[in-house]
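Trainee: Below you will find the structure I want to go over with you.
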Amino acid sequence: MPIRCEIVSQDRLVYEGDAEIVVLPGMDGEMGVLPHHAPLLTTLKFGLIKVRAKGEEQVFTVAGGVAEIQPEIVTVLADAAENVQEIDTARAEAARKRAEEALASVRPEDADAYLALEAALRRSNLRLDAAKRFRATKRTNYTEE
Ligand code: ATP
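Going by our numbering, the letters in the sequence shown line up with residues 166 to 310, in that order.
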């Protein structure tokens, strides 16, 4: 019997489906969740969620959050999450550039602004790294006639 998996971010339902295993970026490292797992509530680091369903793996970036594990369902409440296949790399590049530029000129005493920019930089780097590592690359084959 599979385990149900739901990944919800602040603004949308990112994934729902049945899985054979869900791997989460727990505070103590990667944790694999199989069906019939003992109930558990855990916070999540910035990292990757891997959902294996019908022998295929889907990879999601998650910018922190919490996961509630029950024997029949894993619910992830993420600050932000996206399937690596839907990451817009141009948008992430632009977000990284904006955050880097703003960090260079933020006033040191403005801790809130500094932390927000640092988090934005980490989100964009996470998305760019994951897209590079996990996305199927498009290939164009030119044939000579
Ligand atoms: P941006 O400045 O580009 O909005 P952000 O890090 O501030 O980036 P978030 O607040 O983390 O964005 O996310 C807002 C919504 O947009 C979320 O649903 C998130 O999954 C989505 N999102 C953010 N960046 C990307 C991206 N590069 N590709 C696809 N979806 C993204």
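Just so it is clear, CB atoms sit at the ideal spot from N, CA and C, and this is done for glycine as well.
Here the structure is a predicted model, which means the values were calculated and not measured.
(1) Short check: CB of residue 218 to CB of residue 185, under 8 Å?
(2) Rank 174, 203, 215 by C-alpha distance to the C-alpha of residue 190 and give the top, closest one.
(3) In angstroms, rounded to a whole number, what distance separates the CA positions of residue 296 and residue 236?
(4) Enumerate in chain order the residues of its own chain whose CB-to-CB distance from residue 182 is below 8 Å, with the five nearest sequence positions on each side excluded.
(5) Is any heavy atom of ligand 1 found at a distance shorter than 7 Å from the C-beta of residue 294?
(6) Does the segment 263-278 touch the segment 191-199, meaning 3 or more C-beta pairs lie closer than 8 Å?
(7) Kindly indicate which three-state DSSP category residue 303 falls into: helix, strand or coil?
(8) Closer than 7 Å by C-beta to residue 287: which residues in its own chain qualify, once you throw out the five before and the five after it? Chain order, please.
(9) Which one of 280, 274, 270, 248 has the shortest CA to CA distance from residue 291?
(10) For residue 244 versus residue 175, is the C-beta spacing smaller than 8 Å?
(11) On the criterion of 16 or more Cβ atoms from any shown chain inside 10 Å, does residue 246 qualify as buried, or is it exposed?
(12) Is residue 293 helix, strand or coil by DSSP?
Mentor: In terms of the structure at hand:
(1) yes
(2) With distances taken between Cα atoms, residue 190 lies closest to 215.
(3) 31 Å
(4) 169, 170, 216, 218
(5) no
(6) no
(7) With a pLDDT of 48 at residue 303, under the threshold of 50, the modelled position of this residue cannot be trusted; read the value that follows with caution. Reduced to three states, the DSSP call for residue 303 is coil.
(8) 211
(9) Of 280, 274, 270, 248, the residue nearest in Cα terms is 248.
(10) A contact, by the Cβ cut-off of 8 Å.
(11) buried
(12) helix
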